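Numbering-wise, the sequence shown is residues 3 to 744 according to my numbering. All C-beta atoms in this analysis are idealised placements derived from N, C-alpha and C, irrespective of residue type, glycine included. Nothing here was measured: the structure is a model prediction, and the numbers come from that model. Structure record follows, encoded as structure tokens.
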Amino acid sequence: MSDDIIDLRRRTILSAGALVLGFTMLPRRALAEFNGMGVPPVANKELAGSLQRTPMLDAWIKIAPDGKVTVFTGKVELGTGVRTALLQVAAEQLDVAPAAVNFITADTSLTPNEGFTAGSHTMADSGTALLNAAAQVRALVVQGAAAQFKLAPETLKTSNGKVIAPDGRTMHYGEAVSGIDLHRAAQVKSPLKNVNDYTLIGHSLPRVDIPAKLTGGAAYVQDMRPPGMVHARVVRPPAYGAKLLSADTVGVARMPGVLKVHVDGNYLAVIADGEWQAIQAMRALSASAKWQRGPALPSPANIHATLRALPSQDIVIDDRHGSGIKPVLTLKRRYTKQYVLHGSIGPSCSVALLEQGAMTVWTHTQGVYPLRAALAEMLSMKFEQVRCIHTESAGCYGQNGADDVAADAALLARVMPGRPVRVQLMRDQENQWEPYAPAMSTQLAASLDASGKICDWQYELWSGSHNERPGNAGKLIPAQLLAKAFIPSPSQPMPMPEGGGDRNAIPLYTLPQAKIINHFLPVTPLRSSAMRSLGAHINLFAIEGMMDELAAAAHADPVEFRLRHLDDPRARDVIERAAKQFGWNQRQRRRDHGFGFAFGQYKNIMAYVGLAVEVRVERSTGAVHIVRVTAAVDCGQGVNPDGIRNQIEGGILQSSSWTLYEQLQFTPEGITSVDWASYPIMRYSNVPDKVDVILIDRPGAPLLGVAEAAQAPMAGALGNALADATGKRWFDLPLAGPQLRS
Numbered sequence: 003m004s005d006d007i008i009d010l011r012r013r014t015i016l017s018a019g020a021l022v023l024g025f026t027m028l029p030r031r032a033l034a035e036f037n038g039m040g041v042p043p044v045a046n047k048e049l050a051g052s053l054q055r056t057p058m059l060d061a062w063i064k065i066a067p068d069g070k071v072t073v074f075t076g077k078v079e080l081g082t083g084v085r086t087a088l089l090q091v092a093a094e095q096l097d098v099a100p101a102a103v104n105f106i107t108a109d110t111s112l113t114p115n116e117g118f119t120a121g122s123h124t125m126a127d128s129g130t131a132l133l134n135a136a137a138q139v140r141a142l143v144v145q146g147a148a149a150q151f152k153l154a155p156e157t158l159k160t161s162n163g164k165v166i167a168p169d170g171r172t173m174h175y176g177e178a179v180s181g182i183d184l185h186r187a188a189q190v191k192s193p194l195k196n197v198n199d200y201t202l203i204g205h206s207l208p209r210v211d212i213p214a215k216l217t218g219g220a221a222y223v224q225d226m227r228p229p230g231m232v233h234a235r236v237v238r239p240p241a242y243g244a245k246l247l248s249a250d251t252v253g254v255a256r257m258p259g260v261l262k263v264h265v266d267g268n269y270l271a272v273i274a275d276g277e278w279q280a281i282q283a284m285r286a287l288s289a290s291a292k293w294q295r296g297p298a299l300p301s302p303a304n305i306h307a308t309l310r311a312l313p314s315q316d317i318v319i320d321d322r323h324g325s326g327i328k329p330v331l332t333l334k335r336r337y338t339k340q341y342v343l344h345g346s347i348g349p350s351c352s353v354a355l356l357e358q359g360a361m362t363v364w365t366h367t368q369g370v371y372p373l374r375a376a377l378a379e380m381l382s383m384k385f386e387q388v389r390c391i392h393t394e395s396a397g398c399y400g401q402n403g404a405d406d407v408a409a410d411a412a413l414l415a416r417v418m419p420g421r422p423v424r425v426q427l428m429r430d431q432e433n434q435w436e437p438y439a440p441a442m443s444t445q446l447a448a449s450l451d452a453s454g455k456i457c458d459w460q461y462e463l464w465s466g467s468h469n470e471r472p473g474n475a476g477k478l479i480p481a482q483l484l485a486k487a488f489i490p491s492p493s494q495p496m497p498m499p500e501g502g503g504d505r506n507a508i509p510l511y512t513l514p515q516a517k518i519i520n521h522f523l524p525v526t527p528l529r530s531s532a533m534r535s536l537g538a539h540i541n542l543f544a545i546e547g548m549m550d551e552l553a554a555a556a557h558a559d560p561v562e563f564r565l566r567h568l569d570d571p572r573a574r575d576v577i578e579r580a581a582k583q584f585g586w587n588q589r590q591r592r593r594d595h596g597f598g599f600a601f602g603q604y605k606n607i608m609a610y611v612g613l614a615v616e617v618r619v620e621r622s623t624g625a626v627h628i629v630r631v632t633a634a635v636d637c638g639q640g641v642n643p644d645g646i647r648n649q650i651e652g653g654i655l656q657s658s659s660w661t662l663y664e665q666l667q668f669t670p671e672g673i674t675s676v677d678w679a680s681y682p683i684m685r686y687s688n689v690p691d692k693v694d695v696i697l698i699d700r701p702g703a704p705l706l707g708v709a710e711a712a713q714a715p716m717a718g719a720l721g722n723a724l725a726d727a728t729g730k731r732w733f734d735l736p737l738a739g740p741q742l743r744s
């Protein structure tokens with residue numbers, strides 16, 4: 003096999019003679035016990051991270067007789083650098099070189115079921131599990147070597163995959179562990195290395211996924227070219243609910259290179275020898291197709307009124323009753339957010355192969371196990387007959403078309419057994435059919451007492467689902483289009499403290515009296531699901547905007563006002579560090595320049611971020627120029643400082659794009675944001691001139707997720723900076739545009 007072909011079976015091959023066989027798959031009956039993240043039930047709540055649900059050490063680490071180490075994680079690389087960080091954690095505690103580790107991610111035949119890679123959980127869940135599992139395995143290796151050396155374990159050292167005796171004798175891990183069975187449950191307490199001895203954790207190792215991406219290597223699922231592969235393209239309906247009346251399947255089947263035209267109800271696709279042949283056939287098939295239109299979408303101009311009028315499940319997520327202090331001032335505001343595209347740079351892609359009764363799917367899903375469950379249901383196959391292997395693609399940070407196109411590939415592989423089938427969506431298909439970040443509406447009333455402190459906080463939000471990921475076949479668009487259609491399972495709210503639309507809706511600030519209500523909308527007119535930070539984006543935009551307004555009413559500096567209402571020392575620390583580094587107290591007033599500050603702890607349980615922004619507004623055009631951003635972040639023990647900075651910087655830019663520019667365009671007839679011209683995103687010319695990220699490292703502290711920590715504070719800081727620059731506050735996202743002209 004040539005070097006430029008991805009080996010379809012590369013993850014099935016482990017070192018010959020490996021010590022253990024693996025872990026037990028979750029039985030079908032346990033599915034009822036899955037929680038909202040699609041993971042197995044808790045086996046031992048006293049264990050660390052994902053060990054709670056997958057406690058056997060050999061599910062995470064194997065050591066072959068020749069000493070080679072294989073490490074497993076159920077989490078996936080989405081462009082955030084977690085593959086490198088997780089590798090650092092395991093290699094640090096094992097005392098092996100990262101390059102010597104065979105690191106396997108998210109494969110339903112090999113790795114633990116860790117549900118979805120989402121919600122900044124990877125380091126907190128998988129990182130913590132690997133930290134402890136690796137430390138326990140290293141201790142077992144030392145124990146095995148001690149027995150063979152006939153020495154006390156405490157007299158031995160480990161280095162680079164070897165156990166070293168005081169007299170200079172060495173033994174590689176494979177020899178040392180030969181009498182030890184790693185198929186055992188993890189212990190509650192782990193013999194972790196002293197943090198002062200860390201040589202990998204806390205250091206910026208180069209990312210292992212970057213070289214192939216920079217050099218044009220086989221880095222993505224789109225790059226796969228296995229022998230015998232055929233290409234497929236699908237024809238999606240023009241709008242939700244459309245019914246297929248007819249299509250020229252006979253004529254298209256005669257086109258050059260076409261192997262098959264597949265029709266099943268409203269599902270329409272072509273398979274061809276070559277990719278361009280498949281595209282040409284798809285275009286001809288699409289042009290010939292006649293559809294009966296589905297129900298009209300609501301008017302975009304009235305979308306928030308429409309949402310607020312829909313039936314809702316009303317959930318009180320916070321209800322505090324204070325001492326009845328009389329307010330001297332009450333501010334009432336309403337905030338809105340539009341539907342937002344994931345806008346993945348590369349349209350979704352998948353490769354599937356049906357061979358000897360087994361379906362293998364290479365996919366950039368964020369949850370291989372939940373997707374496997376959905377595909378097995380759709381295909382009427384047993385779980386063990388379906389294998390999902392994560393293979394990278396353009397990151398989406400939420401649910402884009404990855405799961406849908408995996409279903410396309412599986413359906414078409416079923417009608418072309420023995421041949422790998424590659425399906426890639428077209429740009430308009432990706433945009434029109436992905437699950438969008440929901441449009442949201444919120445309202446907030448907050449009061450000050452005579453001393454200038456907040457005495458009451460009343461907040462309500464209206465949002466559709468932020469969690470429609472598969473697990474149920476009906477969540478997949480291809481399964482919905484079949485003649486024997488699958489019905490999506492009912493939408494359910496995500497429980498706090500994670501939350502969905504209500505994520506970060508409870509302020510971390512000290513509030514003597516508060517009531518916060520989530521009006522969850524089980525059915526909304528547009529398909530929606532997870533987008534990075536979920537409801538935190540608008541909730542902190544609203545909270546931090548109100549904090550600035552209340553500070554002004556109390557004649558207080560915005561930073562000082564926040565500190566006045568915070569008891570958490572780590573929260574205060576990031577605010578003070580960001581303000582100091584930014585020079586908040588030395589900021590100078592200039593025409594059309596504005597300064598904004600915001601704070602948030604993601605989900606109130608993960609990384610803390612304090613963030614200051616300076617913007618300049620071009621009054622003649624309404625253009626917004628971000629002059630500089632300073633962020634301070636505390637994510638506990640930092641594993642890869644460069645990776646943490648990457649995520650904070652990326653979150654700042656991504657949030658700037660959402661907050662200033664992004665808005666899905668649609669009409670009653672359907673989605674019209676079909677390309678980059680009809681869906682504006684931040685351009686290179688809009689990138690901040692300067693971004694400074696300060697890391698507050700806390701060696702030995704729990705790992706806190708950081709990938710989604712900056713998005714919401716950046717929205718709040720931008721809103722505050724624009725209000726400062728223009729003298730007027732804006733409540734409806736996106737903020738940039740003609741309204742800023744003067």
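Residue pairing of residue 444 in beta bridges, as defined by DSSP: 337 and 463. Taking C-beta separations shorter than 6 Å and ignoring five residues to either side along the sequence, the partners of residue 731 in its chain run 725, following chain order.
Its chain contains 51, 52, 75, 76, 77, 88 and 116 as the residues whose beta carbon lies nearer than 7 Å to that of residue 128, once the 5 sequence neighbours on both sides are disregarded; these appear in chain order.
The residues 476, in chain order, have a CB closer than 7 Å to that of residue 489 in the same chain once the five nearest residues on each side in sequence are set aside. Looking from the CA of residue 672, the closest CA among 84, 684, 298 and 291 belongs to 298. Note that the C-beta distance between residue 467 and residue 449 is not below 7 Å. As computed with DSSP, residue 109 is found in a beta bridge with 391.
Secondary structure note for residue 245: its beta strand (DSSP E) is the uninterrupted segment 245-248. For residue 605, the three-state secondary structure derived from DSSP is helix. In the three-state reduction of the DSSP assignment, residue 694 falls in the strand class, which pools E and B. Between residue 284 and residue 237 a beta carbon distance of about 6 Å is seen, short of the 8 Å cut, so the two are scored as contacting. Between residue 329 and residue 451, the alpha-carbon positions lie close to 5 Å from each other. Taking residue 362 as the centre and dropping the five residues before and after it, the same chain places the C-beta of 355 and 389 closer than 6 Å to its C-beta, in chain order. Here the segment 650-658 makes contact with the segment 687-703; the two share three or more CB pairs at distances below 8 Å. Around residue 288, the same chain offers 237 as residues with beta carbons nearer than 6 Å, after the five sequence neighbours per side are excluded. With distances taken between CA atoms, residue 486 lies nearest to 265 out of 342, 405 and 265. In the pairwise beta carbon analysis, the segment 613-632 is classified as not touching the segment 517-536: fewer than three pairs are separated by under 8 Å. With fewer than three CB-CB distances shorter than 8 Å, the segment 432-442 does not count as touching the segment 243-260.
Taking 7 Å as the cut-off, the Cβ atoms of residue 234 and residue 417 do not count as close. Closest option to residue 365, judged by alpha-carbon separation, among 483, 272, 410 and 386: 410.
Of the candidates 315, 503, 739 and 734, the residue whose Cα lies closest to the Cα of residue 338 is 734. Note on residue 199: under 16 other CB atoms within 10 angstroms of its CB, so exposed under the neighbour-count rule. Residue environment: residue 401 is assigned as buried (16 or more neighbouring CB atoms within 10 Å of its CB, all protein chains considered). Collapsing the DSSP output to three states places residue 481 in a helix. In the three-state DSSP reduction, residue 160 falls in the strand class (E or B). Leaving aside the five residues that flank residue 667 on each side, the residues in its chain whose CB is nearer than 6 Å to its CB run, in chain order, 674, 675 and 680. Counting only residues of its own chain and dropping the five nearest sequence neighbours on each side, residue 137 has a CB closer than 6 Å to the CB of 95, 192, 193 and 194. Annotated as proximal: residue 491 and residue 474, with beta-carbon spacing under 7 Å. Here the segment 306-320 makes no contact with the segment 705-714; the two share fewer than three CB pairs at distances below 8 Å.
Every alpha helix (DSSP H) of 4 residues or more that sits fully in the segment 227-297 is shown, in chain order, as 251-255 and 277-290.
The alpha-carbon separation between residue 60 and residue 291 amounts to approximately 53 Å.
In the three-state reduction of the DSSP assignment, residue 533 falls in the strand class. Residue 166 and residue 91 have their alpha carbons spaced roughly 22 Å apart. Per DSSP, reduced to three states, the secondary structure at residue 75 is strand. Counting C-beta atoms within 10 angstroms of its own C-beta, residue 620 has fewer than 16 neighbours from the protein chains shown and is therefore classed as exposed. The DSSP-derived three-state label of residue 374 is helix.
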